[in-house]
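Structure first, then comments.
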Amino acid sequence: MIIGQAIPSNFIPAIEKGFKEACNSGSLIGHPVENIRITLTDGASHQVDSSELAFKLAAIYAFRQVCYTAAKPVILEPVMKVELKFPTEFQGTVTGDINKRKGIIVGNDQEGDDTVVVCHVPLNNMFGYSTALRSMTQGKGEFTMEYMEHNTVSQDVQMQLVNAHKATKSAD
């Protein structure tokens with residue numbers, strides 16, 4: 001969206017292209033930036049120095065230096081809805097493991113001799129869970145997992161990801 005007429009309309013596509021290009025690679029970990037709205041409120045042009053490239057580069061600079069930093073960006077991770085079914089005798093062990101994996105238990109029910117637990121767990125913490133569940137339940141536990149939503153990662157995880165990205169970037 002643009003307010004005012006200080007920028008010639010033929011440069012607006014270059015500005016839009018610059019912002020879109022800047023959004024393709026966020027500065028935290030290099031992944032695309034999503035859920036952003038940019039409003040162009042003003043600008044200036046010069047008959048000699050103005051060009052599409054100049055406006056595109058200005059948009060990239062404005063995004064990285066002003067918009068992105070002021071927005072306090074966060075990293076999102078997929079969170080899964082997990083439904084577990086296992087013999088009740090293993091309830092303490094299994095729920096303790098879910099808590100270690102930063103899971104949030106939202107439901108607990110009984111089906112005969114089995115316990116059914118519904119929880120929300122970050123996908124990254126679910127790798128290797130099938131083997132772990134079999135070990136904890138002597139092969140008697142089972143689970144299903146489906147995508148639920150994206151949530152922000154914790155501050156410590158975000159710092160680890162940012163530091164790892166910086167290390168990779170400096171090694172290149």
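Residues in the sequence shown are numbered from 1 upward in steps of one, following UniProt numbering.
Glycine included, every Cβ here is placed at the ideal spot set by N, Cα and C.
Just so you know, these numbers come straight off a predicted model, no measurement behind them.
- Taking the C-beta atoms as reference points, Ile105 is found no nearer than 8 angstroms to Val116.
- Lys56 is classed as buried because its beta carbon has at least 16 other beta carbons within 10 Å across all chains shown.
- The region 68-85 makes contact with the region 126-143, as at least three CB pairs between them are under 8 angstroms.
- If you look at Thr152, you'll find it in the beta strand (DSSP E) that goes Glu142 to Thr152.
- With fewer than 16 other Cβ atoms inside 10 Å of its own Cβ, Phe127 counts as exposed.
- Secondary structure remark: continuous alpha helix (DSSP H) runs of at least 4 residues inside the UniProt domain "Translation elongation factor EFG/EF2" (1-71), in chain order: 12-23 and 52-62.
- Between Ala58 and Ile15, the alpha-carbon positions lie close to 8 angstroms from each other.
- DSSP places Lys81 in the uninterrupted beta strand (DSSP E) bounded by Leu76 to Pro87.
- For Ile105, the pairing in a beta bridge is given by DSSP as Cys119.
- In this structure, the straight-line span from the alpha carbon of Ile12 to that of Asn24 is close to 19 angstroms.
- Taking C-beta atoms as the reference points, Val33 and Pro8 fail to come closer than 8 angstroms.
- In the structure shown, Gln138 adopts coil according to DSSP, grouped into three states.
- Annotated three-state conformation of Asp113 is coil, per DSSP.
- At the C-beta level, Ile75 and Ile29 come within 8 angstroms of one another.
- The C-beta distance from Val162 to Val121 rounds to 23 angstroms, too long to meet the 8 angstroms contact threshold.
- Inclusion of Asn10 and Glu77 in the CB contact set at 8 angstroms is not warranted, their separation being larger than that value.
- Between Cys67 and Ile98, the CB-CB gap reaches or exceeds 8 angstroms.
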